Ligand code: FAD
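Residue numbers (full-length UniProt numbering): 13 to 403.
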């Protein structure tokens, strides 16, 4: 069996690649390890940023795959209980950010691709990649009923996240990893409880906390904690007490907690994002710490650049964009890494619960003060939240 592109993974990156290739008239097959139900339920990101909305719009997909709820462009930064509203929209022309939980985006992308006759194979086990530096790589996998299959293709899109097989199929030494561990953990909790008026990030001496909308009666919360902490150490009462204290809101309404996990804040970039005819897209190539909400959005931009590059190659026999794919993606990746790192430092050091010390606390508070008072600093922040335009 042969196709033009084999896409590994049906998350935000893989399903965006698949839809954009389909719209470009390029054949592809998507292989996903999990079931459709499992993928459709994986809840993580919540906002598709302005530039990413415009990216979907340019493909005629925005209204088909994004929820209809516009994000108002305002964030609350609460410092020791005192509210400060900042704009996260730079005022540029065109459609703006949408509140669109990641699983809704993936569900809609999947439905759109299948409705247009797309080839998507769930429960593909033991996926392996071969001949990546040759003219026609092959991809082997095992179907749910145990049959071995081989696909021959021109390109492989590695969209299988940080724990997938695409990146680990690249020989040692071909990619350089750049990693950073912030030494910070976040407990994240999803609950059936009223969302805040605006996405809310809070600095307090007890540690960072955040409260984000995820639906009309659903919220996601974050609480800074030691990176090796365990979710069992956070029973419901402790979660709600800590949120009320750190958000400075004794009247915060609680609700049933539906998900609870702890993860380390870490950042990772692989350079280049290509090996032979394998192109890494999204989390398979880079992880950005969650502050600033850039991870999924970066995956969407990579997908756009990759699909356009393949379209040029297949229809116009022009490989220029394929050759510059990694360099162009990495420019944006490093930019967002820097923004996320800056924001992570500011909102944790200002509370100093990690013990980063009074000097760093003073610097972080000066950055916040500048953001609240200097129009140029506020403008830079809103541009970075909107998503910078790169050629
Ligand atoms: P993934 O979503 O990891 O998808 C990879 C897919 O590949 C999966 O479906 C997986 O099952 C499949 N797969 C894996 N291995 C194989 C294999 N061997 N064979 C076949 N298929 C395979 N980002 C934001 O922009 N904003 C946020 O607010 C935000 N919040 C987050 C909160 C949390 C708690 C977490 C963990 C992440 C958050 N992110 C956020 C980051 C965002 O979720 C990721 O950047 C995004 O999921 C990346 O998409 P992806 O398609 O590259 O990878």
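Even glycine gets a Cβ: it sits at the ideal position worked out from N, Cα and C.
The structure presented is a predicted model; accordingly, all values stated were derived computationally and were not measured.
- Around the beta-carbon of residue 101, 16 or more other beta-carbon atoms lie within 10 Å, marking it buried.
- A residue is called buried when at least 16 other Cβ atoms come within 10 angstroms of its Cβ; residue 301 meets this threshold and is buried.
- Taking 9 Å as the cut-off, the Cβ atoms of residue 23 and residue 172 count as close.
- The beta carbon of residue 307 is closer than 6 Å to those of 300 in its chain, skipping five residues each way along the sequence.
- Where residue 114 is concerned, the enclosing alpha helix (DSSP H) starts and stops at 114–127.
- In chain order, 187 and 338 place their CB closer than 7 Å to the CB of residue 284, counting only its own chain and leaving out the 5 sequence neighbours on each side.
- Residue 299 has its CB nearer than 8 Å to a heavy atom of the ligand FAD.
- Taking C-beta separations shorter than 7 Å and ignoring five residues to either side along the sequence, the partners of residue 65 in its chain run 74, 78, 107, 108, 109 and 110, following chain order.
- With respect to the C-alpha of residue 378, the residue from 210, 26 and 362 having the closest C-alpha is 362.
- Counting along the chain, residue 225 sits inside the beta strand (DSSP E) bounded by residues 221–227.
- Annotation: residue 101 is outside any beta strand (DSSP E) and is labelled neither H nor E by DSSP.
- Counting the other CB atoms within 10 Å of its CB gives residue 189 a total below 16, which places it among the exposed residues.
- When the alpha-carbon of residue 159 is set against those of 177, 143 and 139, the nearest one is in 139.
- In this model, residue 141 and residue 164 are separated by some 10 Å (Cα to Cα).
- At a cut-off of 4 residues, the continuous stretches assigned as alpha helix (DSSP H) that sit fully inside the stretch 29–112 are 48–53, 62–70 and 74–77.
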